[in-house]
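Engineer:
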Amino acid sequence: MVAAVGLQGAPYLSYVERKRRRRVNNWVIAACIAVVLGWCIWDTVMVDTDWARMGGALGIIGTLERFFWIDWGLVPSLIVPALETMMMATLGTLLGCVFSLPVAWFGAYNVTPNRYIFYPLGRFLMVLSRSIHEIIWALLFVGAVGLGALPGILAVAMRSVGFISKITAEAIENIDPKPVEAIRAVGGNQFQVMYYGILPQILPVVIGTIIFEWDINIRRSAIMGLVGAGGLGLIFFRQMAMFNYGGVTLVVLAVLVLIAIGEVISHYARKAVI
Amino acid sequence: MTAISADGHMPAPVRRWSRYKHPRSTIRFAVLIAVLAFLSWSIAFLNIDLYRIIGAFPRLWEILATRYFPPDIDYVLDDSFLHSVLRTIEMSLLGGFFGVVLAIPLAWMAARNITISRRIAYPLGRFAIMGSRSIHETIWTILFVTVLGFGMLAGTLALTVFCVGFAGKLFADELEAIDMGPVEALRSVGASNLQVFQYAVLPQIRVAFTGIAIYTWDVAFRAATVVGFFGGGGMGWYLKRTTQQLENTRVAAILLTIIVLVLLAELASGWLRHRIAKMR
Amino acid sequence: MRHERNFAEGREENGLPAERERPVPVLEVRNLKVSYSASGPQILKGIDFAVDGDDFCAVIGPSGAGKSTLIRCVNRLVEASDGDIILFGQDVRKLNGGELRRMRRRIGMIFQEFNLVNRMSVMDNVLSGRLGYTGAFRSLFKVFPREDIERALELLERVGLQDHVDKRADELSGGQRQRVGIARALMQKPEILLLDEPTSALDPKISRDVMRLIKELAREFRVPVLCNIHDVQLALETCNRIIGLQDGYKKFDGPAEGMRKQDLDEIYAMEVL
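Residue numbers (the working numbering), protein chains in the order written: chain A, 7 to 280; chain B, 234 to 513; chain C, 11 to 283.
(1) The alpha helix (DSSP H) with C/E230 in it runs from where to where?
(2) Name, going along the chain, the residues of the region 379-390 of chain B whose beta-carbon falls closer than 7 Å to a beta-carbon of chain A.
(3) Please go through the same chain and pick out, in chain order, the residues whose beta-carbon is closer than 6 Å to the beta-carbon of B/G358, but skip the five residues on each side of it.
(4) From C/E23 to C/E109, what distance separates their C-alpha atoms?
(5) Using DSSP with H/G/I as helix, E/B as strand and the rest coil, what is C/V127?
(6) With a 10 Å radius around its C-beta and 16 neighbouring C-beta atoms as the bar for buried, classify B/G332 as buried or exposed.
(7) Should A/C38 go down as buried or exposed, given a rule of 16 or more other Cβ atoms within 10 Å for buried?
(8) Out of A/I217, A/L134, A/S166, A/A161, which one is the CA nearest neighbour of A/K277?
(9) Where does A/V192 land, buried or exposed, given buried means 16+ other C-beta within 10 angstroms?
(10) Can a CB atom of chain A be found closer than 8 Å to the CB of B/H507?
(11) Taking Cβ positions only, does B/R261 come closer than 8 Å to chain C?
(12) Indicate whether at least one CB of chain A lies closer than 8 Å to the CB of B/H369.
(13) In this structure, how does DSSP classify C/V153 when only helix, strand and coil are distinguished?
(14) Nearest-angstrom Cα distance between C/I224 and C/I192?
(15) Using a C-beta to C-beta distance shorter than 9 Å, which residues of chain B count as neighbours of C/M1?
(16) Checking the sheet assignment: what are the DSSP bridge partners for C/D101?
(17) Quick check on the burial criterion: 16 or more other C-beta atoms within 10 angstroms. Buried or exposed for B/W504?
(18) With DSSP as the reference, identify every bridge partner of B/K254, one or two as the case may be.
(19) Report the residue ranges of all alpha helix (DSSP H) runs contained in full by the region 211-274 of chain A; include only those spanning at least 4 residues, in chain order.
(20) Can you round the beta-carbon distance between B/V378 and B/F278 to whole angstroms, since I take them to be within the 8 Å contact cut?
(21) Measure the C-alpha to C-alpha separation of A/M246 and A/M93 and round it to an integer number of angstroms.
(22) If you check the beta carbons only, do C/L126 and C/A179 fall under 8 Å apart?
(23) Exposed or buried, what is A/A150 when buried is set at 16 or more other beta-carbons lying within 10 Å of its beta-carbon?
(24) With a 10 Å radius around its C-beta and 16 neighbouring C-beta atoms as the bar for buried, classify B/H369 as buried or exposed.
(25) Please state whether DSSP places C/N135 in a helix, a strand or coil.
(26) With DSSP as the reference, please indicate the residues paired to C/M119 in a beta bridge.
(27) Beta carbons nearer than 7 Å to chain C: which residues of the region 153-185 of chain A have them?
(28) At least one CB of chain A closer than 8 Å to the CB of C/N106: is that the case?
(29) Are the CB atoms of A/G98 and A/S166 nearer to each other than 8 Å?
(30) Nearest CA to the CA of A/A177: which residue from A/I241, A/K184, A/T215?
(31) Shorter than 8 Å from the beta carbon of C/G184 to some beta carbon of chain A?
(32) Under the rule that 16 or more other beta-carbon atoms within 10 Å means buried, what is A/A88, buried or exposed?
(33) Use the C-beta contact count for B/T299: other C-beta atoms within 10 angstroms, 16 or more gives buried, fewer gives exposed.
(34) Assuming C/K260 contacts C/D58 under a Cβ cut-off of 8 Å, what Cβ separation, rounded to an integer in Å, is found between them?
(35) Please list, in chain order, all residues of the same chain as C/V88 whose beta carbon is under 6 Å from its beta carbon, the five residues on each side excluded.
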């Protein structure tokens, strides 16, 4: 049948062959992945977990149940830390912006003062800032300035620099040179060229990024307290220490509320900027 | 000021222009005042002063230079530490893989344009993703540790949940931006939801999804280095022990290891994403 | 007369005598040579010409002949490698930073792709023409003097955009954007206008309207024009003088009426469609 229609020609055969090869390929890849994952699971979870001590399914459910008895009485004492968390996020993001300016300037290929020294330096600082977890930044700053909100603000700031400066540098690298040319042709000085030619082009992206980062920083600020750097994290830590799981749930709910507020504000703010 | 037109009768139009446009400018001004007010209040409320901020960095540098230097490299070349590093990588792979796998159906539900049910699946998907994202990975770790005990099970699960949220949001955003043409075409042929997803949606987003998956692993690895600090297994546990016992040079060594590993992971993931983008 | 006053004001602002006593010619170019890099090809290989006070001078030629480069050398957006460019009696190539800026504000430029700041309003784009005369503090807060605002509104009316004053520049059509560019150039009270293919990005009918508008305004404000244009027909209709370039050399220089078919063929001889 097939032969009569001429479908046994070379194109058909090679198509079938290619499909077969691809299918085999996919199975091989899937098998490799399964092996790797299997080994990972064995080396981590299987070896390490003491199944007996976990108390079996009942024990787990019992622990979970304790989380549901929310300790509503804690609410008044959460207000100040919640406020502190929002303030830490806002000030931290602001400080992060300030630090991002020079880093973005160094890390933008077209405006960097020196392509062999400052450009790699700028790029390295961006990566460094993003690679060090905010908890580690917090630990370092608590060691340097003590406990309280300040190390939290500094940690959030240092963590934010990476992303904000990266996006800003990319925006600067992608500007349209034509308006810049026009302002130069009109007789503008360096500042006017930057302010009228470059800034309007990058501002929407940069401000959108700052708002986005502020939103993320709310969740980062919430845990700064786990290492002594202020905010709701401190309450979380204390409630855990007292095994008051109902209180822990309340704190988590408070964090969710803050993040919801942040989402709403950032949604409208980003729309206004575009 | 008003010019007279040629026939001398009617005055020419008076030209006036102002940069202040009500209500847009008023709203902008109000928002600016509100933000500045909040910032000032924050600075006062938290007792921040500029000198402490400026002073923090020299002090940090001083501490790093005196107490943290030189880093105790021998400590990190220890066998069990290196094994914990390996396990951290394994945890990140597991968390990344399962997180991404779970994120795909969730993202499908959370994508406004192709979700199977706008009234049930969409809010559910959105809620699940936002819920996972909103809670910091360290909080997840502590919660899982409380319920399941110390160790890598808790850590891996925490990473998984974190990845579900992280990848889920990126996937959902990507899905909402696809070209609906092929979707429409397949729906009109009478294909089921799953078939539409497999034949119309998946081919469009395959490259982007792979990139997001690799990026998610990269971020998961950074989180994995720290989950041990809160009881989730991996190298973070060593960090906790050394900071608690104020063995600063060892802390420095561990931090250096973390930085180096994260940089390597970033390079690897960047290179991989680059290769994949070029291949397609 | 208003236009005499504008011109005189422009000169006064730059500390020059107000009378219409301009050095003739306004622009004199001698042996201009340009290469973009020391070992690269020479774009312009020794151009001489002069522009008088009432000229509307077109530079035509095949692509790659160096027309755009020539225009940009006059206000030093491109640096010449050799030669003299004498504008208003001064050698443009010898000016330092501050002097160059002061010279540039006397030169109005209209670009092929309009070169507007897209996110800014039409009004702000036109006002930015006065940046050469605005101090740092005023630039930062975008506070322009009353007379600048009135002049901007007047110019916008003159180019027909009075109903679009507060729109963002990217909300306008191509022809409208070029008219904003024209208003911006005239805001400077320029003593010469440089046009770099002002109509290449516009469709034919709009192109004619725009060129007609520029010619009208140039005549009204008594400003000489040096224009780089690729549409020869449009050049012959609008301009009174033609300079023909080919492969970096000047092949024709004379009144528009004097251009014959042979001259055109010679200029465009090497252009392959």
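Beta carbons: idealized from backbone N, C-alpha and C, even for Gly.
Structural biologist: From the atom records:
(1) Position 220 of the third sequence, counted from the start, is the residue given in the question as residue 230 of chain C. 214-230 is the span of the alpha helix (DSSP H), which, as asked, contains C/E230.
(2) From the region 379-390 of chain B, only T379, V380, L381, G382, G384, M385, L386, T389 have a Cβ closer than 7 Å to chain A.
(3) Residue 358 of chain B sits at position 125 when you count from the first residue of the second sequence. Answer for B/G358: L339, M342, A343, listed in chain order.
(4) Sequence index remark: in the third sequence, residue 23 of chain C carries index 13 (1-based). Sequence index remark: in the third sequence, residue 109 of chain C carries index 99 (1-based). Taking the straight line from one Cα to the other gives about 14 Å.
(5) Within the third sequence, the letter at position 117 stands for residue 127 of chain C. The answer is coil: DSSP assigns C/V127 none of H, G, I, E or B.
(6) Your numbering for residue 332 of chain B matches position 99 in the second sequence. Result: buried.
(7) Within the first sequence, numbered from 1, the residue matching residue 38 of chain A stands at position 32. In summary, A/C38 is exposed, with fewer than 16 beta-carbon neighbours lying within 10 Å of its beta-carbon over all protein chains present.
(8) Here the question's residue 277 of chain A lines up with position 271 in the first sequence. In terms of CA proximity to A/K277, A/I217 leads the group A/I217, A/L134, A/S166, A/A161.
(9) Residue 192 of chain A sits at position 186 when you count from the first residue of the first sequence. By the Cβ neighbour-count rule, A/V192 is buried, with 16 or more other Cβ atoms within 10 Å of its own.
(10) In the second sequence, the residue the question calls residue 507 of chain B occupies position 274. No, B/H507 does not count as interfacial toward chain A.
(11) In the second sequence, residue 261 of chain B corresponds to position 28, counting from 1. Judged by the 8 Å Cβ criterion, B/R261 is not in contact with chain C.
(12) Looking up residue 369 of chain B in the second sequence gives position 136. So, interface residue.
(13) Along the third sequence, read from residue 1 onward, the residue named residue 153 of chain C stands at position 143. Residue state, collapsed to three classes: coil.
(14) In the third sequence, counting from the first residue as 1, residue 224 of chain C sits at position 214. In the third sequence, counting from the first residue as 1, residue 192 of chain C sits at position 182. The alpha-carbon atoms of C/I224 and C/I192 are separated by roughly 7 Å.
(15) Residue 1 of chain C lies beyond the range of chain C shown here (11 to 283); nothing can be said about it.
(16) The residue you call residue 101 of chain C lines up with position 91 of the third sequence. Note: C/D101 sits in a beta bridge opposite C/I96.
(17) Numbered from its first residue, the second sequence carries residue 504 of chain B at position 271. Exposed, by the Cβ-count rule.
(18) For this step, residue 254 of chain B is matched to residue 21 along the second sequence. Per DSSP, none; premise fails for B/K254.
(19) 238-247
(20) Stepping through the second sequence from its first residue, residue 378 of chain B is reached at position 145. Stepping through the second sequence from its first residue, residue 278 of chain B is reached at position 45. With a Cβ gap of about 33 Å, B/V378 and B/F278 do not count as contacting.
(21) For the purposes of this step, residue 246 of chain A is taken as residue 240 along the first sequence, with counting starting at 1. For the purposes of this step, residue 93 of chain A is taken as residue 87 along the first sequence, with counting starting at 1. Looking at the two C-alpha atoms, the distance is approximately 24 Å.
(22) Within the third sequence, the letter at position 116 stands for residue 126 of chain C. Within the third sequence, the letter at position 169 stands for residue 179 of chain C. A contact, by the Cβ cut-off of 8 Å.
(23) If you number the first sequence from 1, residue 150 of chain A lands on position 144. By the neighbour-count rule (16 or more Cβ atoms within 10 Å), A/A150 is buried.
(24) As a working note, residue 369 of chain B is residue 136 in the second sequence. Answer is buried; the Cβ neighbour count reaches 16.
(25) Translated into the one-based positions of the third sequence, residue 135 of chain C becomes position 125. DSSP places C/N135 in helix when its eight states are reduced to three.
(26) The count along the third sequence starts at 1 and reaches residue 119 of chain C at position 109. Beta-bridge pairing links C/M119 to C/L204.
(27) K184, P185
(28) One-based indexing of the third sequence puts residue 106 of chain C at position 96. Answer no: the Cβ-Cβ gap between C/N106 and chain A never drops below 8 Å.
(29) Locating residue 98 of chain A in the first sequence gives position 92, counting from the first residue. Locating residue 166 of chain A in the first sequence gives position 160, counting from the first residue. The answer is yes: Cβ separation under 8 Å.
(30) For this step, residue 177 of chain A is matched to residue 171 along the first sequence. Checked all of A/I241, A/K184, A/T215; the closest Cα to A/A177 is A/T215.
(31) For the purposes of this step, residue 184 of chain C is taken as the residue at position 174 of the third sequence. Output row for C/G184: interface = no.
(32) By one-based count along the first sequence, residue 88 of chain A stands at place 82. Buried.
(33) Here residue 299 of chain B refers to the residue found at position 66 of the second sequence. With fewer than 16 other Cβ atoms within 10 Å, it is exposed.
(34) Start at 1 with the first residue of the third sequence, and residue 260 of chain C comes out as number 250. Start at 1 with the first residue of the third sequence, and residue 58 of chain C comes out as number 48. At roughly 7 Å, the Cβ-Cβ gap stays under 8 Å, so C/K260 and C/D58 are in contact.
(35) As a first step, residue 88 of chain C is located in the third sequence; it is residue number 78 there, counting from the start. Correct list, in chain order: T79, R82.
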